[in-house]
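Residue numbers (the numbering used here), protein chains in the order written: chain A, 2 to 218; chain B, 25 to 102.
Note that the Cβ used here is the ideal one computed from N, Cα and C, for glycine as well.
Quick caveat, the model's predicted, so the values are computed rather than measured.
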Amino acid sequence: MARVGVITFLGSLDDRDAMRAVGVVGGEAVSLWHGSTDLQGVDAILLPGGFSYGDHLRCGALARFSPIMGAVAEFAVAGGPVLGICNGFQILCEADLLPGILTPNHGQRFICRDVELIVEQESPWIGNRAVGTTIAVPVKHGDGAWFHPEEGLDELEEQGQVLLRYAEDVNGATRRVACVTNAAGNVCGLMPHPEHAVDPILGSIDGQLLVGRLINS
Amino acid sequence: MRVTVLVRPKTGIRDPQGEAIGRSLGGLGYPVSAVSAGSIFDLEIDTDDPKEAERLGAEMAVRVLSNDLIEGFEVIVG
């Protein structure tokens with residue numbers, strides 16, 4: 002059974018949901034502590050949502066220097082699968098493991114609702130769903146506008162690093178990008194919360210696709 | 025010695041905080057057409073060498089205090 006490490010940073014709040022989601026898709030969740038440098042031999046890593054360090058300075062900007070992040074970077078560079086959700090996405094961007102940065106929602110409001118996401122790239126991260134189909138996953142964030150300068154943006158899209166796009170403008174993200182990967186494709190981040198969409202009782206199980214990738218890699 | 029790092033949003037980068045403040049100032053009747061909101065960091069650095077203080081201030085600005093994608097910075101010694 003694939004072992005998926007879920008990191009708890011100071012201020013993480015979706016780590017328990019993420020661990021449960023890993024179990025739902027058939028993996029074994031392993032709790033990892035931000036202050037450790039030991040990944041306990043896990044097969045994949047999940048950085049959960051939350052408000053690490055109270056979102057001070059910039060979201061994720063302080064958590065990226067947590068002791069465990071050196072090991073996460075080595076794991077990522079070696080090709081290990083890493084998924085960052087919400088604050089986890091912000092941390093991975095600040096750590097330069099993913100392109101761009103998350104900035105305050107343009108509408109100046111915290112957004113908490115289900116959103117429709119359009120598949121832009123056939124990818125194992127989304128269960129190889131066909132391009133143009135949609136999945137439903139909730140968002141809950143105040144700083145979720147992914148920003149990337151115009152320079153290099155076309156290349157990012159041409160290389161297939163944009164996996165999901167918001168069906169409508171949710172937060173002001175550059176080109177409505179919702180989910181990106183690194184160039185190698187093994188590190189993936191998004192603001193929506195797949196770990197909150199793994200059980201039919203919550204309205205959608207589409208989140209199983211992204212979490213499931215961590216145990217099928 | 026005292027080093028101040030000023031961090032500002034880059035030109036053209038959307039700044040919701042500045043927009044909100046600007047709207048409020050406009051609502052109070054002030055003739056303000058734009059507000060850009062940044063951050064000030066006053067650092068007490070353990071050195072007496074102004075050049076070293078400036079170098080450290082710039083290094084911390086690049087590595088931690090600002091993000092080059094959206095912000096620029098300025099280091100003031102003294």
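At 9 Å on the CB atoms, spell out the chain A contacts of residue i, in chain order.
{"i": "R38(B)", "result": "T104, P105, H107, A146, F148, G173"}
Closest to residue i by CA distance: which of the options is it?
{"i": "F10(A)", "options": "N129(A), A131(A), L48(A)", "result": "L48(A)"}
{"i": "I69(A)", "options": "I112(A), G6(A), A79(A)", "result": "G6(A)"}
{"i": "C113(A)", "options": "V138(A), I127(A), Q41(A)", "result": "V138(A)"}
{"i": "V178(A)", "options": "A3(A), G128(A), F90(A)", "result": "F90(A)"}
{"i": "G50(A)", "options": "V78(A), V73(A), L93(A)", "result": "L93(A)"}
{"i": "R176(A)", "options": "E95(A), R59(A), R166(A)", "result": "R166(A)"}
{"i": "D207(A)", "options": "C87(A), I119(A), R4(A)", "result": "I119(A)"}
{"i": "I94(B)", "options": "S48(B), P40(B), G46(B)", "result": "P40(B)"}
Quick one: list the residues of chain A neighbouring residue i, beta-carbon separation under 8 Å, in chain order.
{"i": "I94(B)", "result": "I102, T104, F148"}
Quick check: the Cα distance between residue i and residue j, rounded to an integer number of angstroms?
{"i": "L98(A)", "j": "G186(A)", "result": "11 Å"}
{"i": "H35(A)", "j": "G53(B)", "result": "48 Å"}
{"i": "L154(A)", "j": "E123(A)", "result": "19 Å"}
{"i": "F52(A)", "j": "D16(A)", "result": "12 Å"}
{"i": "A149(A)", "j": "A198(A)", "result": "Residue identity differs from the one stated: residue 149(A) is His in this sequence, not Ala. In a straight line, the C-alpha of H149(A) is about 27 Å away from that of A198(A)."}
{"i": "A19(A)", "j": "H142(A)", "result": "17 Å"}
{"i": "G42(A)", "j": "T28(B)", "result": "43 Å"}
{"i": "L157(A)", "j": "V163(A)", "result": "7 Å"}
{"i": "L211(A)", "j": "S63(B)", "result": "36 Å"}
{"i": "E98(B)", "j": "C60(A)", "result": "21 Å"}
Please compile the residues from chain C whose C-beta is within a distance smaller than 8 Å of the C-beta of residue i.
{"i": "A62(A)", "result": "Absence of chain C from the displayed structure is noted, the protein chains being A and B."}
Of all the CB atoms in chain B, is at least one closer than 8 Å to the CB of residue i?
{"i": "R59(A)", "result": "yes"}
| Residues of the region 42-56 of chain B with Cβ closer than 9 Å to any Cβ of chain A, in chain order | E43, A44
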